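A.B. asks:
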Amino acid sequence: MTKKTFSGDYQSLILISKFIESKGEKAGLNEDDLYAVKLAVDEACTNIIEHAYGGELNGDIVCECKTHDDYFEIILNDKGEKFDPESVEPPNIGTALKNLKTRGAGLYLIKKLIDEVNFEFNDETGTTLRLKKKIA
Numbered sequence: 076m077t078k079k080t081f082s083g084d085y086q087s088l089i090l091i092s093k094f095i096e097s098k099g100e101k102a103g104l105n106e107d108d109l110y111a112v113k114l115a116v117d118e119a120c121t122n123i124i125e126h127a128y129g130g131e132l133n134g135d136i137v138c139e140c141k142t143h144d145d146y147f148e149i150i151l152n153d154k155g156e157k158f159d160p161e162s163v164e165p166p167n168i169g170t171a172l173k174n175l176k177t178r179g180a181g182l183y184l185i186k187k188l189i190d191e192v193n194f195e196f197n198d199e200t201g202t203t204l205r206l207k208k209k210i211a
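Take 76 as the starting number for the sequence shown in the numbering used here and just add one per residue.
(1) Count the other C-beta atoms from every protein chain shown that fall within 10 angstroms of the C-beta of Ile168, then say buried if there are 16 or more, exposed otherwise.
(2) Count the other CB atoms within 10 Å of the CB of Gly129; is the residue buried (16 or more) or exposed (fewer)?
(3) Judging by CA-CA distance, which residue of Gly155, Phe94, Ile189 and Val116 is the nearest neighbour of Ala79?
(4) Going by C-alpha distance, which of Lys154, Leu184 and Glu191 is nearest Thr200?
(5) The alpha helix (DSSP H) that contains Lys93, what's its start and end?
(6) Can you check DSSP and say which residues form a bridge with Glu138?
(7) Quick one: what's got a C-beta closer than 6 Å to Asn105's C-beta in the same chain, skipping five residues either side?
(8) When the Cα of Lys187 is compared with those of Ser87, Glu96 and Asp108, which residue comes out closest?
(9) Pull up the CB-CB distance for Val212 and Ile149, whole angstroms please, since I reckon it's below 8 Å.
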């Protein structure tokens, strides 16, 4: 199965990671790329729980994996609050860690780890995040 629904809670993060790992290995991702994908998906799912749903157990996360000729695609869908990814300012990397703003760092990290990041918003289907990682 390439599509699975998980409860929007922190306990599900390990299950989502295992699901991604299984599909990524089958797709042919190398160890470094698989780690990057798992980290990005973990961050994205944490953002869904915290920001879209406003906490645990307020909705589901649908995770779908697709293998294409030259890239691995992860599609995450939630029915939580929408947001404008363009309004999220990247963190000031030159700032001392203790002074770094907590908002925006996760999205910045995802964009650094993944080759292509796209958000789609629909009133009926919710928010869809498409992550594409090239297969080396």
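Glycine included, every Cβ here is placed at the ideal spot set by N, Cα and C.
In this text the structure is predicted, and so the values were computed from the model without any measurement.
C.D. replies: So, to answer that:
(1) The sequence position of residue 168 within the sequence shown is 93, counting from 1. Exposed, by the Cβ-count rule.
(2) In the sequence shown, residue 129 corresponds to position 54, counting from 1. Flag for Gly129 reads exposed.
(3) Within the sequence shown, numbered from 1, the residue matching residue 79 stands at position 4. Per the sequence shown, residue 79 should be read as Lys rather than Ala. Comparing Cα-Cα distances from Lys79 to each of Gly155, Phe94, Ile189 and Val116, the minimum goes to Phe94.
(4) Sequence index remark: in the sequence shown, residue 200 carries index 125 (1-based). The shortest Cα separation from Thr200 among Lys154, Leu184 and Glu191 belongs to Lys154.
(5) The sequence position of residue 93 within the sequence shown is 18, counting from 1. Ser87 to Ala102 is the extent of the alpha helix (DSSP H) around Lys93.
(6) As a working mapping, residue 138 is identified with position 63 in the sequence shown. Looking at the sequence provided, one finds Cys at residue 138 rather than Glu. Answer is Lys79 and Leu151.
(7) Stepping through the sequence shown from its first residue, residue 105 is reached at position 30. Once the five neighbours on either side are set aside, the close Cβ partners of Asn105 are Ala211.
(8) In the sequence shown, counting from the first residue as 1, residue 187 sits at position 112. Of Ser87, Glu96 and Asp108, the residue nearest in Cα terms is Asp108.
(9) As displayed, the chain neither begins before 76 nor continues past 211, which places residue 212 out of reach and without an answer.
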